[in-house]
Amino acid sequence: MPRPRFLPALAVCLLLVSTAAVAGGMPASKLHPALRMALKGLDEESPFGKNAGPDSYFKLMASDDGRLPCLIRLVADGISAEAIGIPIQTQSGRICTARLSPEEIDDLSNRPEITSISLAVQARPLLNRSVPEMGGTAAHNADGGTPPVYNGYAGEGIIIGIIDSGIDPYHPDFQGNGTTRILSIWDQMDDSGDPPVGFDGGSEWTQAEINNQTCTAVDDDGHGTHIAGIAAGNGSATGNGQAAYRFVGMAPEADLIIVKTSFYTDDIIDAASYIFGRADALGKPAVVNLSLGSHYGPHDGTEDFDIAFENLVEPNHLIVAAAGNELGDSIHAEVSVEQGGLATVTFDIAPYDPLAGTQNDYFAIDAWYDGSAELTITMQTPNGAILGPIFYGEVLDEMTGDGDVYIDNGYWDPPNGDENFHIYVLDVDAAHSPAPGTWTIYIEGAVVPTGLVPVETDLWVYLWSGPIPKFVQGVEEEEIVASPATADSVIAVAAYVTKPNWRSIDGNIYYYQGSIENGGIADFSSPGPRRDGVLKPEIAAPGMGIKSALSSDAFMYDAYIDPDGVHFLTQGTSMAAPHVAGTLALMLEAFGSLTAADALDQLTRTARADDFTGNVPNARWGYGKINASAATDINTPIMIEGIEATATAWGVRLAWNSPGDIQASSYQLLRALDDGSAPGELIQNAKMIAVVPRDGAGMVWEDRDLVQPGIYAYWIAAVFQGQVEYPAGPVYIDWSGPAGLNAELFQAMPNPFRPQTTLRLNLPRAGRVAVEVMDPAGRRIRTLVQDWLPAGLHRLIWDGRDEEDREVPSGLYFARVQAAGKVRVGRLVLIR
């Protein structure tokens, strides 16, 4: 049965429902809170289900036969979902998509092969000047040429998949040589035709049907057509006497496969599987663009939605996603709580007019904290109702004058090993909608393992109707990159400004309000990092003031329509992502084959830094602004090589070579004190310490400003034609101060730690070294090394296990080092 067309006007990232207790003996630990809430909403025997009107959120999300869209996580790779009776649509590694009845959910939740079942949630959609600005025009016309003739790279032979609101199949920007470049369209919202082979819903339109003008697919939203134009429009469309080819996309000769999606996460996964399957059948590489996202889940790459896309990425199967548009929306809060301590989070809901009906006014919050802790949750409504305390492992469901409140605290077992509490508030009727005003959440540290730092709790508003609940106390405008951009192998894209003003079809020139700087980061672009500290986004692209194809079926205000009448302007990380997707298509054409790691390395290595980006990488810009011209040039000139660092009594001497015909004008030198972080993270803390003009092929510079002894990392970035290239390095050097002859045990990093920590030992001369881990009673737990070691820096890893490879419990341990005739001891704190 077709899924209802239901796209509520929420914010840029949208998700689905919250949770409730489950009847019928289902093991709650396997069911996500949102799925339990949905099952309760569909149960006509429960009071909650009886209160659900025909327009309730839960009934609107289900198909006509009561099936719910679900994601199923298997216990391991290699298990066949079909073999164990799961009625799947797509299997991506351990993640399967399926539409399940409550009875099937009950049955499957008892299967030992299944780790968890979650509700598919609903994501929401998050060219003139932008393409030349990022080097796209140079990539197209590497040896000269004018559209529609390209002597450089234009995406020929590459497929770009767009999963969005659809496409205008007859827009001239998607035609070439008398035929459409759209190979197929799968409309997941239309059941009037035949679905693609292997899928049980929607209608598929072929290239022949588009050419014959018999395809009836439309894009009445316009978002998908605009994105497709950025990625692959050829700019041929025009009107009203305007010149053609003013809005050429990144890969104007690439083919397109389009999926008009319901925006439910299971359908989005199915869509990507469909695109890659069709590309494989044609023997062509493919890039999938996801200008959509959700804030449900732990924001650490372990959500089912993320893992499914992670499994779909392989050589010549690349995925790009928008980082999100939530900066300034105050959707994220972060607090820390100690053992027995109390932390407070508040959020405000602005006054609004409740909608008619039931269960159509709502908001939901998803919160995550460390798996070693147990928290107690209490909530106070704007009119003073006290809900709780809800202890770890408990669920509260209570009717109040401020709405029906549901709180689930640690009632299921997340696969990432952390703990989750979930808050959902909705209306019982129009007179009992979620109340405007200030809501307060009290978080008590019931169990925080002794000796550890306070446990951090992150909360995200991920679902709402009406005004967005905004965190006030505890608000944190970081860690708001949306899923699936948080997936490891999905390239997350931030947005920056390339057009602060524009001319419209009504003859006026319009400007963005506020302080908008051309070249600066967009004021909505979601910053990272991920909750686990991993860098996201990785790259930035134009995303504010972007003109692209206008669907003939979409309404748009004249102020945003270009004078040609067939292109319009909008903004968002939704617009930044297809710039990167199109660039990847050019790279696939240039290099022939790419893995996700290769593609990301080439993008980040060639990215541009400037005064707006500052030192990169960082959590706003990633590695900087995309440079399509450099990214497609496999022979990118080497401007720095052979960096050497030498410790002296006064500091560090740096020397490097500057080979080749293409020379930098100067070099920026960066330095950071090594804290054990990976180089990509360490560089975020680096400071620019000097700008050195080029003076011959061999360069030397002396760093005499060192005060604190330690291990230092250095990077050197060439400045070429006014742009700062990606820095070469790091090169590490131990500077022990003026004396510089004593062996030294540095602070273990990280500390406290889980699952492992790194001990760094610097030896002034070669000799026999013994490093042991001891407990507080002086008993040896593990010998890390007992051998003759050369002089220099050594890194030793302890993984929290004893000599028998058994995990040792949380607590205090000591690293005992015998080296250079002395004994040194360092403290280690292990977290489980």
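As numbered in mature numbering (1 follows the signal peptide of the UniProt record, and there is no 0), residues -23 to -1, 1 to 809 make up the sequence shown, in order.
We put the CB at the ideal spot given by N, CA and C, even for glycine.
Where residue i sits in the DSSP three-state scheme
i	result
SER161	strand
TYR388	coil
SER95	strand
THR242	helix
ASP395	coil
PHE12	First, the amino acid is wrong: residue 12 is Leu here, not Phe. Three-state result, LEU12: helix.
ALA796	strand
GLY497	coil
VAL312	strand
LYS476	coil
LEU332	coil
ASP509	coil
GLU230	coil
GLU421	strand
PHE224	coil
THR609	coil
TYR489	coil
ILE808	coil
ARG106	Its pLDDT being 36, under 50, ARG106 is placed unreliably in this model, and the value from its coordinates should be taken loosely. Three-state result, ARG106: coil.
LYS320	Inspection of the sequence shows that residue 320 is occupied by Ala rather than by Lys. Reduced to three states, the DSSP call for ALA320 is strand.
HIS200	helix
LYS237	strand
PRO786	coil
LEU577	helix
GLY206	helix
Distance, residue j Cα to residue i Cα
i	j	result
ASP588	GLN165	44 Å
MET726	PHE568	39 Å
GLY138	VAL425	46 Å
PHE398	GLY422	14 Å
SER529	GLU618	53 Å
GLY520	TYR419	38 Å
PRO4	VAL297	For PRO4, the pLDDT reaches just 40, beneath the cut-off of 50, and the residue's location in the model is therefore unreliable, leaving the point undetermined.
ARG76	ASP177	10 Å
ILE308	SER503	11 Å
GLN152	ILE187	10 Å
HIS203	ASP145	9 Å
LEU295	THR191	31 Å
TYR600	ARG778	36 Å
GLN763	ARG582	40 Å
THR238	GLU781	52 Å
SER525	LYS7	45 Å
ALA209	ASP325	42 Å
HIS544	SER161	23 Å
CYS73	SER86	14 Å
ALA248	ALA362	44 Å
residue 813	VAL750	The question about residue 813 has no answer, for the chain in this structure spans -23 to 809.
TYR689	ASP575	28 Å
ARG223	ASP541	10 Å
ALA796	ALA747	7 Å
Cβ separation of residue i and residue j, assumed to be a contact under 8 Å, to the nearest whole Å
i	j	result
LEU647	TRP598	Incorrect: roughly 15 Å between the Cβ atoms, too far for contact.
ALA412	THR358	6 Å
SER142	PRO172	That pair is no contact at about 19 Å.
VAL322	PHE448	7 Å
ALA407	ALA472	Going by Cβ atoms, the distance from ALA407 to ALA472 rounds to 38 Å, so no, they are not a contact pair.
ALA536	TYR487	6 Å
ALA608	GLN579	5 Å
is_contact[residue i, chain C] using C-beta, thresh 7 Å
i	result
THR417	Annotation note: the requested chain C is absent from the structure, which comprises a single protein chain.
task: Please specify which runs of the beta strand (DSSP E), each continuous and at least 3 residues long, are wholly inside the region 272 to 308, giving them in chain order.
output: Those beta strand (DSSP E) runs which fall completely within the region 272 to 308 and span 3+ residues are 294 to 299.
- prompt: Between the region 415 to 429 and the region 246 to 266, do three or more beta carbon pairs fall short of 8 Å?
  reply: Short answer: they don't touch.
query: In chain order, which beta strand (DSSP E) runs of at least 3 residues are fully inside the region 128 to 188?
result: Runs found: 136 to 141, 159 to 164 and 180 to 183.
- prompt: Does the pairing of the region 454 to 471 with the region 315 to 335 give three or more beta-carbon distances under 8 Å?
  reply: Short answer: they don't touch.
- prompt: Is it true that the region 667 to 677 meets the region 561 to 579, where meeting means three or more beta-carbon pairs spaced less than 8 Å apart?
  reply: Counting Cβ pairs under 8 Å, fewer than three are found: no touch.
- request: Return the chain-ordered ranges of every beta strand (DSSP E) run that is complete within the region 617 to 694 and spans a minimum of 3 residues.
  value: With a minimum length of 3 residues, the continuous beta strand (DSSP E) runs that stay inside the region 617 to 694 are 618 to 624, 629 to 634, 643 to 650, 664 to 670 and 675 to 680.
- prompt: Are the region 337 to 345 and the region 390 to 406 in contact at 8 Å, needing three or more beta carbon pairs?
  reply: Touching, yes, given that three or more Cβ pairs across the two stretches are closer than 8 Å.
At least 3 beta-carbon pairs within less than 8 Å: the region 47 to 66 vs the region 83 to 92: They touch, by the three-pair rule.
field: Runs of beta strand (DSSP E) wholly within the region 513 to 568 (minimum 3 residues, chain order)
entry: Counting only runs of 3 or more, we get 516 to 526 and 544 to 548.
message: So, does the region 438 to 447 touch the region 367 to 384, judging by three or more C-beta pairs under 8 Å?
response: No contact exists between the region 438 to 447 and the region 367 to 384.
message: Using a Cβ distance threshold of 8 Å, determine whether the region 698 to 713 contacts the region 772 to 787, with at least three qualifying pairs required.
response: Counting C-beta pairs closer than 8 Å gives fewer than three between the region 698 to 713 and the region 772 to 787, which falls short of the contact rule.
- request: Give, in chain order, every unbroken run of the beta strand (DSSP E) that is at least 3 residues long and sits entirely within the region 324 to 368.
  value: The qualifying runs are 339 to 346, 351 to 357 and 363 to 367.
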